[in-house]
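Visitor:
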Amino acid sequence: MSHTSNANTIIGNDRTYSRTFNNYQYNDIMVSWAGSASEGIIVPPAKNETEKAHINGTKILGNIFLDGYHGLTNK
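Here the sequence shown is numbered in the numbering used here, starting from 4 and rising by one per residue.
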């Protein structure tokens, strides 16, 4: 899995030796955890991770990052 959502693109990545999850056939659902608040609130999985999951019949989910205040200010 990518360590940051900035590394994710719609075409995946070409990091040959990256740490990736390889046991999709044993899971029904996979959640891609990556990113931070400074990278935006929607964190989708990379395309190559999505393809690997779907080929093996696994659903893969992204994240919507909500901080503790959800944009509220203290008045």
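C-beta: ideal position from N, C-alpha, C; glycine also.
Can you check whether the CB of isoleucine 45 is closer than 8 Å to the CB of glycine 65?
Guide: For glycine 65 and isoleucine 45, yes; Cβs fall inside 8 Å.
Visitor: Can you round the beta-carbon distance between serine 35 and isoleucine 58 to whole angstroms, since I take them to be within the 8 Å contact cut?
Guide: The Cβ separation is near 16 Å, so there is no contact.
Visitor: Quick one: residues in its chain with C-beta nearer than 8 Å to the C-beta of isoleucine 67, no 5 flanking neighbours on either side, listed in chain order?
Guide: So the qualifying residues of the chain are Ile44, Ile45, Val46.
Visitor: Using the rule of at least 16 other Cβ atoms within 10 Å of the residue's Cβ for burial, across every protein chain shown, is threonine 53 buried or exposed?
Guide: Its Cβ being crowded by 16 or more others within 10 Å, threonine 53 is buried.
Visitor: Which full runs of the beta strand (DSSP E) of 3+ residues lie inside the stretch 31 to 68, going along the chain?
Guide: Listed in chain order, they are 32 to 34, 62 to 64.
Visitor: Quick one: what's got a C-beta closer than 7 Å to asparagine 30's C-beta in the same chain, skipping five residues either side?
Guide: Cβ neighbours of asparagine 30 beyond the five flanking positions: Thr61.
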